[in-house]
Structures are given as C-alpha cells and as structure tokens.
Amino acid sequence: MNADLSTFEQYESSARSYCRDFPAVFARAKGSRLYDENGRGYVDFLCGAGALNYGHNNEYAKQAVMEYMAGDNIMMSLDLHSASKRAFIDAFQSIILAPRGYRYRIQFTSPTGTSVLESAVKLARKVTGRQNVVAFTNGYHGMSGVSLSMTGSRHHRQAMAYGPVTRMPYDGYIDGFDSVTLLRRFLEDGSSGIDLPAAVVVESVQGEGGLNVASPEWLRRLRELTREYGILLILDEVQAGCGRTGRFFGFERAGIVPDLVCLSKSIGGLGLPMAVLLIDPAHDQWRPGEDNGTFRGNNLAFVAAAEVLRRYWTDEAFIRGLAEKEQQIRNALTAIANAFPRHIVGLRGLGLMQGLEFRSGDDTSALIDACFLRGLVVESCGPRGQVLKLMPALTIEPSVLGEGIEIIAACCHELFATTTEAAGISEAVSATA
Ligand SMILES: Cc1ncc(COP(=O)(O)O)c(C=O)c1O
C-alpha cells in the first residue's frame, strides 16, 4: 500500500530532507526496527542521524522516563537546580569523566548540535579575545550562523554563513599531505595571512563529511600545536561521541584531552533533545547568564541520559559487544567491497559508523532506494553523497545487524552484479554478516 504523503507535500516546507529518501509514514519503533503506519517493518541503520544510539524506545530509558512522568516530577526547569539534573551530572561524572581522568565542567547549552558548537566557539572567542577559527574540509557542525560558517558543504552554506573561518585540509584529504605542518607554518609566519585563531574545531571522525577518520597521530599533533599557541582545541563529538566509534568519546583513541568537547544527539538517551559542552575548568570564564537559553533543562532527557549511562557504560559486555559489532560490520562490508570493485572504492569509518564509498553518488542513491524497498533505512554521506553510511544502534542484536547488511548485499547484487560477480557474493556476505 502506498503511503499517503499528501499532508506533508502540501503543507510542510520544501526544507524537509531525509523523508524524501524514505517515502513512508512511520508510526511505531522498537529497538532497531521502524514500522510504518501500514505495519511494514524496516531495519533502521539511520538511527535519527545518530541520536538513537540506544535504539528506539530503549526499554531502560523509557521505563525511567515513564516513572518520572507518572510521579509529576519536574519536566522543564530552565537552568534551575533539579534532582534529575543532579542525578545526570553525578552519573556522567562518576561513569564517564572520572574513570578517564577528565576534570571538565559541564555546561548545558541549548539542546541541538549546532547550538553547542555556537556556545563552544563563543566561549573560545571570549577566552582568547580572538575571532578567527580553524575548521576543516568536509567538516559538518550544524546549520546556524557560526556552526554553518565552519561547515564545509557549499550546498549548506549558500543561504547564509559568516566567518571568520580558516579552512584547512582534514587528515587524509590530500594523500600524503600533512595539514598540521601547514597550520604550524601559517602560525609561525606573521605574513601568512592567517590570524592567530581562537579555536581549532574538529570532528574525530567526520560523519556527514564521508566517514573520514582522523588518525590518532594527527589528532595528537593538532593537540600539541594548539597547546603551544594557546589555541583552544574543540572536539565536535556530536556524532562521533556517545559510543559511536566504539568508545564513549571518538578522540579517546588518540589519548588527547581537548579544551572543549561538544555532545548532543545521543546524549539524551532516548532521542530527547539535550546538549552538553564540556569545559576545561581554566576556560570556564562565562559570567552568569552570559550564554543563556530557555530549553536547557529538559528533565526527561536528564532522566533518560543518566539511565543509559548506568545501564550500558558500566557493562563490560556492552562495551565488548561494540568491538564485536564493529568487526562484524567490517567483515561484511569488506566482502561486499571485494565483490563490486567496479562500483565500490572501499571501506570508510570506524566503530558503528562505517560505510562503503562508491565511485558515484548515483550508485549510492540507487542503493538507498533499493534497500528501502527491501525494508532497510540507510542514508548516504560525503560531498557527493557517495558513501553509504551505516549507523545502527549500538544496542542492535548481531542478527538484526546481519539482516540489514544482507539487504545491502542483495541490493548491490541486484543493481551492480555482472554474472561473474554474482556467483561469489551471496556466499561471501552471508558467511560474514
Ligand atoms: C558533527 C556534528 N556536529 C554538529 C551537528 C549539528 O547537530 P544538529 O543537527 O543537532 O544541530 C551534526 C549533525 O549532524 C554533526 O554531525
């Protein structure tokens, strides 16, 4: 049965985007499965673009939130002290920050990814008294003023963006080219034309930009350089954080300690809006109310957020499971990539944000449509939409993960296989998925 999209098509703005790839009206969801209003099920590899790391209606978070609501507890609290905010801070402190030796203060900013980036850059500008910011090719930091100016995509920046931003090549942007050395040279040379920046803003793994992974070594050198010049290093962990790369923070694998860390998307546990800026205490120089906003006290999000921290990030089996699922995805995608070398360049990404880079964005688009028809919701990323991006829930069962990947393999087979390629692919993938 075709979905009735007339209300959306007639009344909703043309700005709508993801829904154009998935012409269904979704009504229910549980774990890693979405159901449309006709009752058709889909495996979800989109996961609210990374806001649903613990799956839809995560049972632990949902129960905690339902109990909380049933007790007429405080729902909206601006930035008043609330019991649930205290419980979140205590859980985050004891489960995430203290075991890693981090001493960050926690600022609750307005609840989106773009707003936590705005706050981070604003603070860096205040602390340093400087305006320029370094951001990277293919970076994605959101759609509001400052965040948009740091976002690489021309398509996204065309409506509005303002600087000052100096764009540098991300790690691996040009083969064999080292952008940290270039940045160092620019900073040393008073005539380079690059003003000493307030901050360097970087993703440890670029999600929207094409699943580009910064090497630990590059991140470490960036940390050293920024420290040497008194530049604040801001890690945008909005997408790569909250376990997406296999560890809570994507930068942990480099052993660095950024000055500021931005979290949003999955920090709210159940897909509820919430964002957190982690601030090195030395830089916590806000005056009271200087970075204000109404919606910084979403207590349902605090409750869900604390619950998933307690349930998952103290559970060794969950953390081990992330590495196992990472390997499961890598093995299966390698088999697919090997089977279709004429279409697929190779694997991208890390942890549970991996994908396949195709030679053409047209291939990815056709694949997304074919996957949807077979019951898989999966999106693309990269400057030409050429990377098929798998973002399953961290809590996905290995069998459901395998089911989704087999749909991808079957669709590649349907779209791209020559007769010789067709022979080996099914076996190779089902052996790994
Ligand atoms: C790394 C990164 N930063 C910032 C954002 C912006 O987040 P939001 O869409 O919640 O404003 C995103 C969104 O995808 C992101 O991936």
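Residue 580 is where the sequence shown starts when you use our numbering, and the numbers rise one by one after that.
Think of the CB as a built atom: it goes at the ideal place given N, C-alpha and C, for glycine as much as any other residue.
These numbers come from a predicted model, not from an experiment.
Note to self: Let me check understanding here. Comparing Cα to Cα, which of 701, 896, 883, 696 lies closest to residue 818?
What the structure shows: Indexing the sequence shown from 1 puts residue 818 at position 239. Residue 696 is the option with its Cα nearest to residue 818.
Check: Between the stretch 633-650 and the stretch 827-842, are three or more C-beta pairs nearer than 8 Å?
Finding: no
Margin query: If I follow the unbroken beta strand (DSSP E) through residue 848, where does it start and stop?
Written below: Residue numbering aside, residue 848 sits at position 269 when the sequence shown is read from its first letter. Element bounds for residue 848: n/a, residue is neither H nor E.
Note to self: Below 6 Å, is the gap between the Cβ of residue 1014 and the nearest heavy atom of ligand 1?
What the structure shows: Any property of residue 1014 remains undetermined from this structure, which presents the chain solely from 580 to 1012.
Next item on the list: Mind listing, in chain order, the continuous beta strand (DSSP E) runs of no fewer than 3 residues lying wholly within the stretch 689-717?
Entry: 712-715
Check: Would a C-beta distance cut-off of 7 Å place residue 655 and residue 876 closer than the cut-off?
Finding: On the sequence shown, residue 655 is found 76 positions in, with the first residue counted as 1. On the sequence shown, residue 876 is found 297 positions in, with the first residue counted as 1. Yes; because the gap between Cβ atoms is below 7 Å, this pair is in contact.
Next item on the list: Could you please give me the residues that DSSP links to residue 621 through a beta bridge?
Entry: The residue given as residue 621 occupies position 42 in the sequence shown. Answer by DSSP bridge pairing, in chain order: 613.
Notebook entry, point to check: Relative to the alpha-carbon of residue 782, which residue among 769, 763, 802 has its alpha-carbon at the smallest distance?
Noted result: In the sequence shown, the residue the question calls residue 782 occupies position 203. Comparing Cα-Cα distances from residue 782 to each of 769, 763, 802, the minimum goes to 802.
Checklist line | Residue interval of the beta strand (DSSP E) (run including residue 1020) | finding: It is not possible to answer for residue 1020, since the shown part of the chain is limited to 580 through 1012.
Margin query: Going by C-alpha to C-alpha distance, which of 874, 889, 791 sits closest to residue 926?
Written below: On the sequence shown, residue 926 is found 347 positions in, with the first residue counted as 1. Closest by alpha carbon: 791.
Margin query: Can you determine whether any heavy atom of ligand 1 sits closer than 6 Å to the C-beta of residue 944, and answer yes or no?
Written below: As a working note, residue 944 is residue 365 in the sequence shown. Residue 944 has its Cβ no nearer than 6 Å to any heavy atom of ligand 1.
Margin query: Looking only at its chain, what residues have a beta carbon closer than 6 Å to the beta carbon of residue 940, apart from the 5 residues adjacent to it on each side?
Written below: The residue given as residue 940 occupies position 361 in the sequence shown. 963, 964, 965, listed in sequence order.
Item checked: For residue 739, the first and last residue of its enclosing alpha helix (DSSP H) -> Numbered from 1 along the sequence shown, position 160 holds the residue referred to as residue 739. Neither: residue 739 is in no alpha helix (DSSP H) and is coded neither H nor E.
Check: If you count every other CB in all the chains shown that lies within 10 Å of the CB of residue 739, and 16 or more means buried, which is it?
Finding: To locate residue 739, count along the sequence shown from 1; it is residue 160. Burial call: exposed.
Notebook entry, point to check: Less than 7 Å separating the beta-carbons of residue 883 and residue 677?
Noted result: Taking the first residue of the sequence shown as 1, we reach residue 883 at position 304. Taking the first residue of the sequence shown as 1, we reach residue 677 at position 98. Not a contact, by the Cβ cut-off of 7 Å.
Checklist line | Supposed contact pair residue 967 and residue 907 - C-beta distance, whole angstroms, cut 8 Å | finding: As a working note, residue 907 is residue 328 in the sequence shown. As a working note, residue 967 is residue 388 in the sequence shown. That pair is no contact at about 16 Å.
Notebook entry, point to check: With a CB to CB cut of under 6 Å and the five nearest residues on each side skipped, what residues in its chain are close to residue 774?
Noted result: As a working note, residue 774 is residue 195 in the sequence shown. Annotation for residue 774: 711 place their beta carbon closer than 6 Å to its own, counting only its chain and skipping 5 residues before and after.
Margin query: Quick check: what's the CA-CA separation for residue 950 versus residue 642?
Written below: As a working note, residue 950 is residue 371 in the sequence shown. As a working note, residue 642 is residue 63 in the sequence shown. About 33 Å.
Check: So, do the stretch 917-924 and the stretch 804-824 have three or more beta carbon pairs nearer to each other than 8 Å?
Finding: Verdict: no, contact absent.
Checklist line | Outcome for residue 896 when other beta-carbon atoms lying within 10 angstroms are tallied against a minimum of 16 | finding: Residue numbering aside, residue 896 sits at position 317 when the sequence shown is read from its first letter. When all chains shown are included, residue 896 counts as exposed.
Note to self: Only counting the same chain, and skipping five residues up and downstream in sequence, which positions put a Cβ closer than 6 Å to that of residue 905?
What the structure shows: Numbered from its first residue, the sequence shown carries residue 905 at position 326. Hits under 6 Å: 825, 930.
Checklist line | Completely contained beta strand (DSSP E) runs for the stretch 933-1002, where each covers 3 or more residues | finding: Positions of the beta strand (DSSP E) runs, each at least 3 residues long and wholly inside the stretch 933-1002, are given as 958-960, 966-969 in order along the chain.
Check: Which residues in the same chain as residue 797 place their Cβ atom closer than 7 Å to its Cβ, once the five residues preceding and following it in sequence are excluded?
Finding: Sequence index remark: in the sequence shown, residue 797 carries index 218 (1-based). Only 750, 759 meet the Cβ criterion.
Item checked: Classification of residue 823 by the beta-carbon crowding that lies within 10 angstroms, buried from 16 upward -> Mapped onto the sequence shown, residue 823 falls at position 244. Burial state of residue 823 is buried, judged by a 10 Å Cβ sphere holding 16 or more other Cβ atoms.
Check: When we look at the beta-carbon of residue 596 and count the other beta-carbons within 10 Å, is it buried (16 or more) or exposed?
Finding: As a working mapping, residue 596 is identified with position 17 in the sequence shown. When all chains shown are included, residue 596 counts as exposed.
Next item on the list: Pick out whichever of 658, 898, 671 has its Cα sitting closest to the Cα of residue 867.
Entry: Locating residue 867 in the sequence shown gives position 288, where the first residue counts as 1. Selected option, being the one with the closest Cα: 658.
Next item on the list: Tell me whether residue 786 counts as near ligand 1, meaning its Cβ is closer than 6 Å to at least one heavy atom of that ligand.
Entry: Here residue 786 refers to the residue found at position 207 of the sequence shown. Yes; taking the cut-off as 6 Å, the Cβ of residue 786 has a heavy atom of ligand 1 nearer than that.
Next item on the list: Specify the secondary structure class of residue 817 as computed by DSSP and reduced to three states.
Entry: As a working mapping, residue 817 is identified with position 238 in the sequence shown. Residue state, collapsed to three classes: coil.
Next item on the list: Under 8 Å by Cβ, that's how I've got residue 745 and residue 776 pegged, so tell me the actual separation to the nearest angstrom.
Entry: Within the sequence shown, residue 745 is the residue found at index 166, counting from 1. Within the sequence shown, residue 776 is the residue found at index 197, counting from 1. Indeed they touch by this definition, with Cβ atoms about 7 Å apart.
Note to self: Restricting to Cα atoms, I'd like to know which of 960, 928, 932 is closest to residue 943.
What the structure shows: Against the sequence shown, residue 943 aligns to sequence position 364. Of the listed residues, the one whose Cα sits closest to residue 943 is 960.
Check: Is it buried or exposed for residue 870, if we count other Cβ within 10 angstroms and need 16 for buried?
Finding: Within the sequence shown, residue 870 is the residue found at index 291, counting from 1. When all chains shown are included, residue 870 counts as buried.
Note to self: Checking the sheet assignment: what are the DSSP bridge partners for residue 605?
What the structure shows: Here residue 605 refers to the residue found at position 26 of the sequence shown. According to DSSP, which records beta bridges pairwise, residue 605 is partnered with 615.
Check: Roughly how many angstroms separate the alpha carbons of residue 936 and residue 621, rounded to a whole number?
Finding: As a first step, residue 936 is located in the sequence shown; it is residue number 357 there, counting from the start. As a first step, residue 621 is located in the sequence shown; it is residue number 42 there, counting from the start. Put simply, the backbone Cα of residue 936 is about 23 Å away from that of residue 621.
Notebook entry, point to check: residue 642 bridges to which residues according to DSSP?
Noted result: Numbered from 1 along the sequence shown, position 63 holds the residue referred to as residue 642. For residue 642, which the question treats as bridged, DSSP gives no partner whatsoever.
Notebook entry, point to check: Roughly how many angstroms separate the alpha carbons of residue 682 and residue 704, rounded to a whole number?
Noted result: As a position in the sequence shown, residue 682 is number 103, starting the count at 1. As a position in the sequence shown, residue 704 is number 125, starting the count at 1. Rounded to the nearest angstrom, the two C-alpha atoms are 21 Å apart.
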